[in-house]
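Residues 45 to 167 (this note's numbering) are what the sequence shown spells out, left to right.
Here's the structure, in structure tokens; my notes come after.
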Amino acid sequence: MSKFIDPSILGKLGSLSQSEADAYPFGIVKVDESGKILLYNKYESELANVPIQTAVGKNFFTEVAICTNNRIFYGRFKEGMISGDLDIAFNYVFTYKMKPTNVVIHLYHDKGTNSNWIFVKLR
């Protein structure tokens, strides 16, 4: 599975603003270690049909993208939180509140800023 995130964005994660995140052609979601959304970009908002202001502050896995609350998605995230090593890409199908949508997911923990990211791209 190829990781679609350009390495140049990885160096900017610590200072990524909402407007910068909104400019990218893929979903960017910053979450804390429990999955609470800290940043939710325009692409992801439009893909999921969830307004940014509705998503921020809620749990990604249990309140916003409920179809990810499983071993395949949330399980991998939790394993990464426990091991301290999260950099994995996989194919997934979003089904919550939308027709089945094929995407590529890249879960990433930025050690430099101790931040966690969910990147989403249509497949």
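Glycine residues also receive a C-beta, built at the ideal position from the N, C-alpha and C atoms.
Residue i, buried or exposed, once every other Cβ within 10 Å from all chains shown has been counted against 16
| i | result |
| --- | --- |
| E88 | buried |
| F163 | buried |
| A92 | buried |
| G156 | exposed |
| N85 | buried |
| L166 | exposed |
| I126 | exposed |
| A99 | buried |
| A67 | exposed |
For residue i, the three-state DSSP class (helix, strand or coil)
| i | result |
| --- | --- |
| L60 | coil |
| K122 | helix |
| T2 | Any question about residue 2 goes unanswered here, given that the chain covers just 45 to 167. |
| L130 | coil |
| S78 | coil |
Nearest-angstrom beta carbon gap, residue j and residue i [assumed within contact, 8 Å]
| i | j | result |
| --- | --- | --- |
| Y136 | F117 | 6 Å |
| D154 | G58 | 7 Å |
| N160 | V75 | 5 Å |
| F121 | L151 | 6 Å |
| I110 | F134 | Actually they are not in contact, since the Cβ atoms of I110 and F134 sit about 18 Å apart, beyond 8 Å. |
| S78 | N103 | 7 Å |
Proximity to residue i [Cα-Cα], best of the options
| i | options | result |
| --- | --- | --- |
| I132 | T139, E90 and E123 | E123 |
| N29 | S127, N158, T139 and G101 | Here the chain has residues from 45 to 167 only, and residue 29 is not among them. |
| E107 | G119, E90, G71 and K80 | K80 |
| G71 | E77, V100, K56 and E90 | E90 |
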